[in-house]
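Everything on this sheet refers to the single structure shown next.
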Amino acid sequence: MLLQEIVDRMLEDAAVLLTVSKRSLLDNCKLPAGIQLSVSAAHTKSDLLQVIQSLKSVVEAVLDRK
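Anchor point for the sequence shown: position 27 equals 779 in this note's numbering, and the numbering is continuous, going up by one each time.
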């Protein structure tokens with residue numbers, strides 16, 4: 753799955769732990785899968801900007817290989 757590959761690369765390349773949302777077969781609402789990121793009050797604006805830049809780079813690299 754494409755999203756799982758992005759999550760795996762973020763952990764390897766940027767040491768950022770993300771998860772892919774899972775859907776139950778019992779869910780009535782068929783939302784698309786997504787990437788989940790948890791942020792706490794301890795994270796700075798700089799931390800978030802760095803994660804965004806890393807995510808952008810990883811997504812571009814994964815999509816370029818497809």
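All residues carry an ideal CB built from backbone N, CA and C; glycine is no exception.
In this text, all values refer to a predicted model and were calculated from it rather than measured experimentally.
Inset, instruction - Would you list the one or two residues that DSSP bridges to I787? - result: Your numbering for residue 787 matches position 35 in the sequence shown. Answer is V772.
Legend entry - Cβ pair I758, V810 closer than 9 angstroms: Locating residue 758 in the sequence shown gives position 6, where the first residue counts as 1. Locating residue 810 in the sequence shown gives position 58, where the first residue counts as 1. Contact flag set, yes.
Inset, instruction - Check the Cβ-Cβ distances between S806 and every residue of chain C, and say whether any is below 9 angstroms. - result: The question asks about chain C, but that chain is absent: this structure has only one protein chain.
Legend entry - Rounded C-alpha distance that separates E812 from L778: Taking the first residue of the sequence shown as position 1, residue 812 is located at position 60. Taking the first residue of the sequence shown as position 1, residue 778 is located at position 26. Note on geometry: alpha-carbon atoms of E812 and L778 lie some 33 angstroms from one another.
Legend entry - Rounded distance between the beta-carbons of I787 and V772, thought under 8 angstroms: As a position in the sequence shown, residue 772 is number 20, starting the count at 1. As a position in the sequence shown, residue 787 is number 35, starting the count at 1. Cβ atoms of V772 and I787 come within 8 angstroms of each other, at about 6 angstroms.
Inset, instruction - May I ask you to report which of helix, strand or coil DSSP gives A794? - result: Within the sequence shown, numbered from 1, the residue matching residue 794 stands at position 42. Here A794 sits in coil by DSSP.
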